[in-house]
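Going by the numbering used here, the sequence shown opens with residue 8, and the numbers climb by one from there.
Built from N, CA and C at the ideal position, the CB exists for glycine as well.
Predicted model only: the values in this text are computed from it and were never measured.
See below for the structure under consideration.
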Amino acid sequence: MGEVVLRAKLAEAGLAGVEVTSSGTGGWHVGDRMDPRAAAALARRGYDGSAHRARRFERSWDRDLILAMDSGHLETLNRYGAAAQLFARDDVPDPYYGEDDGFDDVLAQIEKAADQWVDRLRDQA
């Protein structure tokens with residue numbers, strides 16, 4: 008959800024040239040579409056997550072900015088040698104094992120953090 012939201016918000020801010028991708032720290036679900044509950048939460052807020060496919064983070068990727076959704080992912084990425092930062096001030100929880108409304112709650116947190124990243128990136132542009 009973070010990739011979809013951040014890309015959309017960057018485009019709205021006139022920063023569509025910023026490339027946004029996402030990946031996981033584990034190989035689960037590689038190649039799969041996003042969880043239908045995540046796609047539904049995004050659609051309710053006007054986002055389209057249909058193009059998303061799960062990928063695993065590769066150490067060889069050259070990225071200007073790497074954002075981790077939680078401190079566990081941050082620790083893993085740092086062990087890989089990636090200079091990662093947290094996406095949000097607080098860990099973004101994984102709603103996968105919870106109820107459907109958890110995806111809406113997480114989406115609200117992602118939108119808030121994405122707005123803050125757009126402001127930071129706009130200031131650097």
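Query	Result
Strand pairing of Gly-31, partner residues [DSSP]	Arg-63
Per DSSP, cross-strand counterpart(s) of Ala-91	Ile-73
Whole-number beta carbon distance between Arg-70 and Gly-88, since they are thought to touch under 8 Å	Wrong, their Cβ atoms sit about 12 Å apart, outside the cutoff.
Status (buried if at least 16 other CB within 10 Å, exposed otherwise) for Leu-72	exposed
Ala-50, enclosing alpha helix (DSSP H) - first and last residue	43-51
Outcome for Trp-105 when other beta-carbon atoms lying within 10 angstroms are tallied against a minimum of 16	According to the sequence displayed, residue 105 carries Gly and not Trp. With fewer than 16 Cβ atoms within 10 Å of its Cβ, Gly-105 is classed as exposed.
Validate contact between the stretch 114-123 and the stretch 31-42 using beta carbons, cut 8 Å, 3 pairs	no
Cα-Cα separation, Ala-23 to Asp-107	30 Å
7 Å Cβ cutoff met for Ala-48 and Asp-111	yes
CB of Asp-77 within 7 Å of CB of Ala-61, strictly	no
Gly-9 versus Arg-44, Arg-51, Val-99, residue with shortest Cα-Cα distance	Val-99
Own chain residues within Cβ distance below 8 Å of Gln-92, not counting five before or after	Leu-72, Ile-73, Leu-74, Ala-75, Leu-81
Val-37 beta carbon less than 7 Å from that of Arg-63	yes
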